[in-house]
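In the numbering used here, the protein residues as written are -17 to 423.
Structure follows, in structure tokens:
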């Protein structure tokens, strides 16, 4: 079967899945949420899967993904004993587990009192409390022109809804762990996360993605984060998936006046990864900080797309992404900054720096800056190169073996991003994974 037939077959399978889910609703399909889902599926049907002829997907070819078949309804017996076999950082706080996209209450734990923090599985909110999410679902993430977001909006069956009340400080982090159990068959999941942070509140949130098993896994995830006035949100995304995994993830952030948003994305492993991080600054005196680190090896492909949209005056954004590319891996960075006409007094900075350790590794970068205002301070830039031979020679002259000198330089290169991670156990976990990859190189 050729790739076009496969693509049409996968589309037909997904549309049939949606039609079946609509039939099960028994008349509830007129509810606003389900109307959004119907519109999203129509958009997906019209858009189809992107190809390299699409500018946004020029360097990321999904043809291998759409040749695969995935079971989005696989039941798994994954339990606590299986969890103990996976090396994960130990964290005290609110830890939620989703296995193949489905919430597992048995191994999850919520410790923060409900008057500060409300945590509800997306499936439960959808079925029992739709009014909780109707005002937010699909209002921020673009399901009109993004095929994978449209697909998730139409077919997402679980995930988490997090609501932080006004004027609250949530001391314990919220850790959301998504595990793809691919021990028996190819599996797919489409988690949908909605995070609503009230005004003057503070919270730390981490999403982590992991694969177990030797079969293929496809994760198509969307997270919408609404940061209230004067609220502070620290957001982490840690990816340690298998070489047979496909991860398409969109994080859509909407900030209100005087809010603070900080994001750190660390991609350590994954066969094919596409991260979209979009931040809209819709108020004055907003601060946004975006950090990213990616360390692909083998034939791994990691693509980071960011968009920072300054819509109002007196705001600041700062962005730093770093990559270490080894073997035959490929990387992509496309960073956009928009400064709208009303966004005077904007300070916006973007920098992407990459080290390529192999002649067969490839890095594609495209920084973009579009300014419609005249009283702004903005800059963007990108560099891709190899390590400093003179520095390596100097370290060798001091008795350090060449391989160790290279490893130390690469670790130092990554520190600009790693040191930004404020949760100690997550930072130490990432450092250990980087070290493991570099030692194996």
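Ideal placement from N, C-alpha and C gives every residue a C-beta, glycine not left out. Computed from a prediction, not measured in an experiment: that's the story for all the values here.
Based on Cα-Cα distance, which residue from the options lies nearest to residue i?
i: residue 95; options: 150, 16, 257, 248; result: 150
i: residue 260; options: 48, 61, 253, 131; result: 131
i: residue 183; options: 419, -5, 152, 156; result: 152
i: residue 25; options: 338, 136, 320, 79; result: 136
i: residue 47; options: 340, 399, 254; result: 254
i: residue 219; options: 291, 400, 34, 377; result: 400
i: residue 392; options: 348, 304, 75, 215; result: 304
i: residue 213; options: 180, 233, 201, 126; result: 180
i: residue 100; options: 142, 397, 89; result: 142
i: residue 93; options: 356, 326, 154, 44; result: 154
i: residue 314; options: 50, 423, 42, 75; result: 42
i: residue 328; options: 364, 309, 264, 419; result: 264
i: residue 293; options: 84, 369, 330, 413; result: 330
i: residue 102; options: 414, 118, 85; result: 85
i: residue 53; options: 44, -4, 88; result: -4
i: residue 208; options: 248, 257, 411, 119; result: 119
i: residue 277; options: 248, 302, 256, 258; result: 248
i: residue 39; options: 379, 211, 256; result: 256
i: residue 124; options: 371, 66, 232; result: 232
i: residue 301; options: 333, 372, 326; result: 333
i: residue 49; options: 80, 258, -7; result: -7
i: residue 347; options: 68, 106, 287, 369; result: 287
i: residue 340; options: 353, 367, 326; result: 367
Please check the pair residue i and residue j, which I expect to be a contact at CB under 8 Å, by giving their CB distance rounded to whole angstroms.
i: residue 362; j: residue 317; result: 7 Å
i: residue 222; j: residue 251; result: 5 Å
i: residue 306; j: residue 337; result: 5 Å
i: residue 202; j: residue 134; result: 5 Å
i: residue 269; j: residue 298; result: 5 Å
i: residue 244; j: residue 285; result: About 22 Å separates the two Cβ atoms, so there is no contact after all.
i: residue 196; j: residue 280; result: Contact flag wrong, Cβ pair sits at about 15 Å.
i: residue 335; j: residue 365; result: 5 Å
i: residue 423; j: residue 345; result: That pair is no contact at about 16 Å.
i: residue 158; j: residue 189; result: 5 Å
i: residue 167; j: residue 56; result: 6 Å
i: residue 78; j: residue 90; result: 5 Å
i: residue 380; j: residue 421; result: With a Cβ gap of about 20 Å, residue 380 and residue 421 do not count as contacting.
i: residue 88; j: residue 62; result: 7 Å
Put residue i into one of helix, strand or coil per three-state DSSP.
i: residue 23; result: helix
i: residue 409; result: helix
i: residue 201; result: strand
i: residue 98; result: coil
i: residue 41; result: coil
i: residue 377; result: helix
i: residue 349; result: strand
i: residue 255; result: strand
i: residue 77; result: strand
i: residue 299; result: strand
i: residue 55; result: coil
i: residue 134; result: helix
i: residue 395; result: helix
i: residue 109; result: helix
i: residue 4; result: helix
i: residue 362; result: strand
i: residue 146; result: strand
i: residue 389; result: helix
i: residue 402; result: coil
i: residue 93; result: coil
i: residue 243; result: strand
i: residue 70; result: coil
i: residue 368; result: coil
i: residue 36; result: coil
i: residue 318; result: strand
i: residue -9; result: helix
i: residue 14; result: helix
Report all residues from its chain with a CB closer than 6 Å to the CB of residue i; omit the five preceding and five following residues, and keep chain order.
i: residue 199; result: 162, 164, 169, 193, 227
i: residue 33; result: none
i: residue 374; result: 387
i: residue 14; result: 116
i: residue 289; result: 260, 318
i: residue 171; result: 82, 83, 201
i: residue 191; result: 160, 221, 223
i: residue 311; result: 278, 279, 282, 343
i: residue 271; result: 244, 300
By Cβ distance below 7 Å, which residues in the same chain neighbour residue i in space, the five residues on each side in sequence not counted?
i: residue 174; result: 104, 134, 138, 141, 204
i: residue 395; result: 304, 306, 337
i: residue 145; result: 100, 178
i: residue 351; result: 319, 360, 362
I want to see whether chain B comes within less than 9 Å of residue i, judged by CB atoms only; does it?
i: residue 210; result: Protein chain content of the structure displayed is limited to a single chain, and chain B is not contained in it.
Beta-carbon within less than 8 Å of residue i's beta-carbon, same chain only, minus the 5 sequence neighbours each way: which residues are those?
i: residue 378; result: 384, 387
i: residue -15; result: Caution is warranted here: a pLDDT of 35 is assigned to residue -15, below 50, making its placement in the model unreliable, and no coordinate value can be reported.
Hey, is the segment -5 to 6 in contact with the segment 102 to 119, meaning 3+ C-beta pairs nearer than 8 Å? For the pair of segments examined, the segment -5 to 6 was found not to touch the segment 102 to 119: the number of CB pairs separated by less than 8 Å stays below three.
Is there contact here, the segment 368 to 387 with the segment 404 to 419, by at least three beta-carbon pairs under 8 Å? Counting C-beta pairs closer than 8 Å gives fewer than three between the segment 368 to 387 and the segment 404 to 419, which falls short of the contact rule.
Looking at C-beta atoms only, is the number of pairs between the segment 23 to 37 and the segment 224 to 243 that lie closer than 8 Å three or more? The segment 23 to 37 is not in contact with the segment 224 to 243.
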